[in-house]
Amino acid sequence: MNRCSIHEKDRHLRVISDIAGIDVPPRIQRNQPRKIALIPIHNVQLLKQMDLTLPALQRSANEMRIDIIRMLHAAGSGHPGGSLSLIDILTVLFFRYVKRSPDNVADPDRHRFVLSKGHGVPALYAVLARSGVIPHEDLLTLRKVDSYLQGHPHNRSLPAVEASTGSLGQGLSIAQGMAMTAKLDGKPYKVYCVTGDGETQEGQTWEALLSAAHFKLDNLIVLLDYNKGQIDGPTNDILNLEPLAAKLQAFNWDVQEIDGHDIGAIDAALTRAQEEAGKPHYIIAHTVKGKGVSFMEHPTEWHGKAPNNAEADAAIKEIEALLT
Ligand SMILES: Cc1ncc(C[n+]2csc(CCOP(=O)(O)OP(=O)(O)O)c2C)c(N)n1
Ligand SMILES: [Mg+2]
């Protein structure tokens, strides 16, 4: 467990930028105050050596919960609720299935991932840092002017982010297009998409659901972070999605329903989704908004509010207790 050196990071960014054929992203401001330190983690390339057992992944997810709190605290803004609900899903998905690493970010045959609920991007950045794709300490530049870690995924700032999202409802259509491209090109890669429950109310979502099934895109795997909350209130009070599984089945999707904080259940559902052919796959993952920090576990309270000093300390203490 060690931090990567400045030299390693710069080399690493150059390698990624060269592969991707883009300019090096604007360097982050190195002189900004560091209010709290990140957990030191492995350096680049270590995905290959990472312990991928389920207990180790659970621990990683909780360590990344701390990263999320620290990022949002340092930024002074952002979305803790929908990042904390998402991190268990992303941990299993990235480390066991997407397998993103510095040497495959621009591989044309890589598995694709679209974070349709773009405001949950702190969870994605935490996972990319742990995969060695971005330097871990850069996480503290989230939302800073000139940082490549924008408040919503921005492909031009960070090519490892497959799609620029944040305007809700569009990501599933993007993923659907990627899955269709793979089929047309005869490529075996999978396309994964994570969407939100409030987001699912967007009309464009349902058009993508219709067409993915019509074109039998069994290489498309969607996970719903069903945390039951959106900005305005409990999701199903605002605009009811239920009975969601029955609706999706009627749209001709392969549907599974799981506890989105059960690492084993997430893994089993993703494995099964690889095996079933002929239909696109939808995993309804029941989650808790703000999961892991008792006072943030609420459908709306912590949707878009950064913790202050005392709240960040209290949150980190709670999560650290989960690590022992
Ligand atoms: C088209 C669009 N309308 C409104 C917003 C503002 N907005 C950001 S997050 C959010 C709520 C999303 O709820 P949900 O999809 O359930 O996300 P989560 O609970 O996972 O944070 C809204 C309305 C947006 N980003 N895009
Ligand atoms: Mg929600």
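Under my numbering, the sequence shown has 225 at position 235, and the numbering climbs by one with no breaks. Ideal Cβ placement from N, Cα and C applies to all residues, glycine included. Note that the structure is a prediction, hence the values are computed from the model and not measured.
TODO: Express the C-alpha separation of G141 and G72 in angstroms, rounding to a whole number.
DONE: 13 angstroms
- [ ] Kindly examine ligand 2 and report whether one of its heavy atoms sits closer than 8 angstroms to the Cβ of N217.
- [x] yes
Task: Contacts around A202, its chain only, beta-carbon distance under 6 angstroms, and the 5 residues preceding and following it disregarded - done: Q166, L210 and P270
Open item on the list: Using 9 angstroms as the threshold, is the C-beta distance between I74 and R55 below it?
Closed with: Note that residue 74 is Leu in the sequence shown, not Ile. Yes. Within cutoff.
Open item on the list: Check this for me: beta carbons of Q220 and D187, under 9 angstroms apart or not?
Closed with: yes
Open item on the list: If the criterion is Cβ atoms closer than 9 angstroms, does the pair C183 and F241 meet it?
Closed with: no
- [ ] On a CA-only basis, which of A51, R86 and N230 is nearest Q39? Give me that one, please.
- [x] R86
Task: Euclidean distance between Cα positions of K206 and I164 - done: 16 angstroms
- [ ] Specify, as a first and last residue, the run of the alpha helix (DSSP H) that L214 falls within.
- [x] Note, L214: premise wrong, no alpha helix (DSSP H); beta strand (DSSP E) at L210 to Y216.
Task: Run of the alpha helix (DSSP H) containing Y272, from where it starts to where it stops - done: Unbroken run through Y272 is the beta strand (DSSP E), H271 to H276; no alpha helix (DSSP H).
Task: alpha helix (DSSP H) runs wholly inside the stretch 45 to 110, at least 4 long, in chain order - done: 70 to 74 and 77 to 82
TODO: Report whether the distance from the Cβ of K281 to the nearest heavy atom of ligand 2 is below 8 angstroms.
DONE: no
Open item on the list: Checking 9 angstroms against the spacing of the C-beta atoms, do A150 and V123 come in under that value?
Closed with: yes
- [ ] Go ahead and pull the three-state DSSP assignment for L314.
- [x] A quick correction: the sequence has Thr, not Leu, at residue 314. Correct three-state label for T314: coil.
Open item on the list: Taking a contact to mean a Cβ-Cβ separation below 9 angstroms, would you say G250 touches N52 in this structure?
Closed with: no
Task: Cα-Cα separation, G254 to L44 - done: 6 angstroms
- [ ] May I ask whether a heavy atom of ligand 2 can be found less than 8 angstroms away from the beta carbon of G188?
- [x] yes
- [ ] Report all residues from its chain with a CB closer than 7 angstroms to the CB of M170; omit the five preceding and five following residues, and keep chain order.
- [x] F205 and L207
Open item on the list: At a threshold of 8 angstroms, does K237 count as lining ligand 1 (C-beta to nearest heavy atom)?
Closed with: no
Open item on the list: If you reduce the DSSP assignment to three classes, tell me which class A172 lands in.
Closed with: helix
Task: Contact under 9 angstroms by Cβ, A65 with L132 - done: yes
- [ ] Report the three-state DSSP secondary structure of V184 (helix, strand or coil).
- [x] strand
Task: G68 versus S284 - alpha carbon distance - done: 18 angstroms
TODO: Please indicate yes or no: does the CB of Q220 lie closer than 8 angstroms to some heavy atom of ligand 2?
DONE: yes
Open item on the list: Quick test of your reading: L213 and I79, contact by CB under 8 angstroms. State the CB separation rounded to the nearest angstrom.
Closed with: 6 angstroms
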